[in-house]
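Q: In this note's numbering, the protein residues as written are 14 to 78. We treat Cβ as the ideally placed atom computed from N, Cα and C, and that holds for glycine. Keep in mind the model is a prediction, meaning the values are calculated, not measured. Following this message is one structure expressed as structure tokens.
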Amino acid sequence: MKLKFIEIELNWPEDVFVQELRLWLLKHLSDYGQPLRWSITDTQPSSIKKIRRKLKIEAVVVVNS
């Protein structure tokens, strides 16, 4: 078992409401490992239709090796 630091950018879709954002983020982070700690470190408005904002996420995940 190892800890891995990751930085990812995600497009926050319009159909994901603020109340659902935490679970949505955890679902995406689980693609990289089991999330231990994470934070949204930056947000940018998006010019793409149906995308609410661009989110920058920094996280520490547990990976099995």
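Quick check on Lys-40: does DSSP put it in helix, strand or coil?
A: Residue mapping note: residue 40 aligns to position 27 of the sequence shown, counting from 1. Helix.
Q: Please report the residue range of the beta strand (DSSP E) in which Asn-77 lies.
A: For the purposes of this step, residue 77 is taken as the residue at position 64 of the sequence shown. Careful: Asn-77 lies outside any beta strand (DSSP E) and carries neither H nor E.
Q: Could you tell me how far apart the beta carbons of Val-74 and Ile-19 are, in whole angstroms, since I believe they sit closer than 8 Å?
A: In the sequence shown, residue 74 corresponds to position 61, counting from 1. In the sequence shown, residue 19 corresponds to position 6, counting from 1. That belief holds up - the Cβ atoms of Val-74 and Ile-19 are roughly 6 Å apart, short of 8 Å.
Q: Is Leu-42 buried or exposed, if buried means 16 or more other CB atoms sit within 10 Å of its CB?
A: The sequence position of residue 42 within the sequence shown is 29, counting from 1. It is buried - the Cβ of Leu-42 has at least 16 other Cβ atoms within 10 Å.
Q: Keeping to the same chain, check which residues put their C-beta closer than 7 Å to that of Asn-77; ignore five residues upstream and five downstream.
A: The residue given as residue 77 occupies position 64 in the sequence shown. Taken in chain order, the residues that qualify are Met-14.
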